[in-house]
Amino acid sequence: MDIKTSAAAFALAAIASACQASNSTATPSAPAPAQTVQANPRSIEEKLKEGMPYQQLRSMVLSSGWKPVVDLECKIQVIGGDFEERCKSGRDALCHVCEELPELSSCGAGGLCMLVFEAGTGDKLNVTGIGDITTWNKAPPTLEFYVQAWYFDGGQAH
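The opening position of the sequence shown corresponds to residue 0 in numbering that gives the first Met the number 0, with each subsequent residue numbered one higher.
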């Protein structure tokens, strides 16, 4: 028997004897919560492609456990300081995009938008999208919002 096997057997025996020695009249405690294993947040990086539809990236990122980073200034930064007046009628599709995409931070000239996600590890994924953000959830040929670039905090832009 090698040293690792011996050590494992010894540890197992110690645990078993401690369990037997415990007071059987003790109040049972709640089971310990299951440990969740954090996936490598950058494991999605190889799947990200420049020019891919944003809705595809979003679906992949969210299903991998990333969460949107909400920017409370989204409407001001996307629609403008007069967003309340502009959105009164409720007919402007741009007025709903901050709720539809809580990860949206800002949009600027030329249709460039910044979107941010955060992993449970604290890592952030910053995505630059380009095009008409109001089409992010449409099917081609109406879809006109695509991934231009992305980077992880401290990472290199792609």
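C-beta atoms are modelled at their ideal positions from N, C-alpha and C, and glycine is treated no differently.
Straight-line gap, threonine 120 to tryptophan 65 (C-alpha atoms, nearest Å)
Residue numbering aside, residue 120 sits at position 121 when the sequence shown is read from its first letter. Residue numbering aside, residue 65 sits at position 66 when the sequence shown is read from its first letter. Taking the straight line joining both Cα atoms gives about 10 Å.
Measure the CB-CB distance between valine 115 and leucine 56 and report whether it falls below 8 Å.
Counted from its first residue, the sequence shown places residue 115 at position 116. Counted from its first residue, the sequence shown places residue 56 at position 57. No, these two residues do not count as a Cβ contact at 8 Å.
Taking 8 Å as the threshold (C-beta atoms), are valine 68 and isoleucine 43 in contact?
Residue mapping note: residue 43 aligns to position 44 of the sequence shown, counting from 1. Residue mapping note: residue 68 aligns to position 69 of the sequence shown, counting from 1. Cβ atoms of isoleucine 43 and valine 68: not closer than 8 Å.
Pair every Cβ in the stretch 44 to 51 with every Cβ in the stretch 67 to 83, then say whether three or more of these pairs are closer than 8 Å.
no
List the endpoints of the continuous beta strand (DSSP E) containing valine 69.
Looking up residue 69 in the sequence shown gives position 70. Careful: valine 69 lies outside any beta strand (DSSP E) and carries neither H nor E.
What residues are listed by DSSP as bridge partners for leucine 114?
Position 115 of the sequence shown, counted from the first residue, corresponds to residue 114. BP columns for leucine 114 point to Leu103 and Val126.
Given this structure, state the Cα-to-Cα distance separating glycine 130 from alanine 138, to the nearest angstrom.
Numbered from its first residue, the sequence shown carries residue 130 at position 131. Numbered from its first residue, the sequence shown carries residue 138 at position 139. Between glycine 130 and alanine 138, the C-alpha separation is close to 14 Å.
So is proline 140 buried or exposed if we call it buried at 16+ other beta carbons inside 10 Å?
Working through the sequence shown from its first residue, we reach residue 140 at position 141. Proline 140 comes out exposed.
Starting from the Cα of serine 62, find the closest Cα among Ala118, Thr133, Ala92 and Gly110 and give me that residue.
Taking the first residue of the sequence shown as 1, we reach residue 62 at position 63. Taking only the C-alpha atoms, the option nearest serine 62 is Ala118.
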